[in-house]
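Chemist: In our numbering, each number is its position in the sequence shown, counted from 1, plus 383. Can you read through this structure? Questions will come right after.
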Amino acid sequence: LPTDPAEVKEQISSPEAFKEAAATVQEATGKPMVDSMEMAFRANMDALEVSYFNREGELLIENPDNKVKDAYDFAVELNDQGYVGSYEMWTPEWATALNKGEFAVEMAPAWLKGYMTENAPEAEGEWRVTTLPEQFSGNWGGSYISIPKETEHPEEVYKFSKWLVNPENQLKSFVESGLFPSTPDTYEMEEFTQNSDEYFGGQNTAEVFAEAAQKVTATYKGPNYVTVNNEILTALQNVSEGANPEEEWEAAVTRIKDIMKR
384 LPTDPAEVKE
394 QISSPEAFKE
404 AAATVQEATG
414 KPMVDSMEMA
424 FRANMDALEV
434 SYFNREGELL
444 IENPDNKVKD
454 AYDFAVELND
464 QGYVGSYEMW
474 TPEWATALNK
484 GEFAVEMAPA
494 WLKGYMTENA
504 PEAEGEWRVT
514 TLPEQFSGNW
524 GGSYISIPKE
534 TEHPEEVYKF
544 SKWLVNPENQ
554 LKSFVESGLF
564 PSTPDTYEME
574 EFTQNSDEYF
584 GGQNTAEVFA
594 EAAQKVTATY
604 KGPNYVTVNN
614 EILTALQNVS
624 EGANPEEEWE
634 AAVTRIKDIM
644 KR
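Here it is in structure tokens:
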């Protein structure tokens, strides 16, 4: 398999190609392609424009056209083939696996590189960044600025917030802390375009992230997204420990419907 980012992007450009690469990695090294069931699930889940709810708040998880089950089934399929590791995210074991290269890819958003830098320092120079297969290209999280209505100075707060996140300040946050800018104007600035990320072998990771950011479509999650998502992740964790996938899916749906009735 290639390791050059451009070659990886070209060769692993679809879910099928991803599975073929996973089979190659497993056969050659005995190691999984992906760290966890959550990442295997999120590959498709984060690319959905509509997931658990529509904008009217209607639960869509049992809708025949809903793609959440497809994302779940994809994760189950990768797990069945032995392509998924058992490294639960945010744990010391996961950080150790990042350090030692115990899995092949981390299908993550730009902000995760800050976590890798801090928690997997021994792996500096060993990882590179490239574009996910198009079907996996989505949005995982983000930051928001809000103004409490109780404030006595809303106009001043708004002006300060606008200054805080202007393109120049976002460039500073990117250079100093690795926070990826949300302002496309920043992507044209010299310090951004000439970025060299030493953790990733001197690669210009900013260029890759900027290209991906401009292709992300709007997604709707809804106020109960996290509650519902946690039930699906519980089901996937149980599957990774040997539980029946269909039984776990049905049990998760039942729990979710019960929660929504409260």
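Just so it is clear, CB atoms sit at the ideal spot from N, CA and C, and this is done for glycine as well.
#1: Taking Asp463 as part of the alpha helix (DSSP H), name the residues at either end of that continuous run.
#2: Would you mind reading off the limits of the alpha helix (DSSP H) that contains Phe424?
#3: In terms of alpha-carbon separation, which member of Leu619, Tyr582 and Ser520 lies closest to Gln597?
#4: Alpha carbon to alpha carbon, what distance is there between Phe543 and Pro550?
#5: Using CA atoms only, rank isn't needed, just tell me which of Ala478, Phe486, Phe424 and Glu439 is closest to Leu495.
#6: What do you get for Leu554, buried or exposed, if any count of 16 or more other CB atoms within 10 angstroms of its CB means buried?
#7: Measuring alpha carbon to alpha carbon, tell me which residue in Tyr466, Leu442 and Trp546 is nearest Thr412.
#8: Suppose you measure from the CA of Glu507 to the CA of Val591; what does that come to, to the nearest Å?
#9: Give the range of the alpha helix (DSSP H) segment to which Leu495 is assigned.
#10: Below 8 angstroms CB to CB, which residues in the same chain sit around Ala405 once its five sequence neighbours on both sides are set aside?
#11: Roughly how far, in whole angstroms, is the beta-carbon of Asn578 from the beta-carbon of Ala595, given that I think they are within contact range, below 8 angstroms?
#12: State the CB to CB distance for the pair Glu648 and Leu619, rounded to an integer number of angstroms; the pair is presumed to be in contact (CB under 8 angstroms).
#13: How many angstroms separate the CA atom of Trp632 from the CA atom of Glu432?
#14: One question on the structure: do Ile615 and Tyr455 come within less than 8 angstroms of each other, judged by their Cβ atoms?
Modeler: Considering the structure as presented:
#1: Here the alpha helix (DSSP H) through Asp463 covers Val451 to Asp463.
#2: Counted as a single uninterrupted DSSP element, the alpha helix (DSSP H) harbouring Phe424 occupies residues Met420 to Met428.
#3: The shortest Cα separation from Gln597 among Leu619, Tyr582 and Ser520 belongs to Ser520.
#4: For Pro550 and Phe543, the distance between alpha carbons rounds to 14 angstroms.
#5: Residue Ala478 is the option with its Cα nearest to Leu495.
#6: With 16 or more other Cβ atoms within 10 Å, it is buried.
#7: Cα-wise, what sits closest to Thr412 is Tyr466.
#8: Taking the CA atoms as reference points, Glu507 sits about 18 angstroms from Val591.
#9: Unbroken alpha helix (DSSP H) run through Leu495: Leu495 to Asn502.
#10: Excluding residues within five positions, the ones whose Cβ falls inside 8 angstroms are Pro415, Met416, Val417, Leu461, Gln464, Tyr466 and Ala487.
#11: The Cβ separation is near 15 angstroms, so there is no contact.
#12: Since the displayed the chain opens at 384 and closes at 645, residue 648 lies outside it and no answer follows.
#13: Put simply, the backbone Cα of Trp632 is about 21 angstroms away from that of Glu432.
#14: Yes, they are a contact pair.
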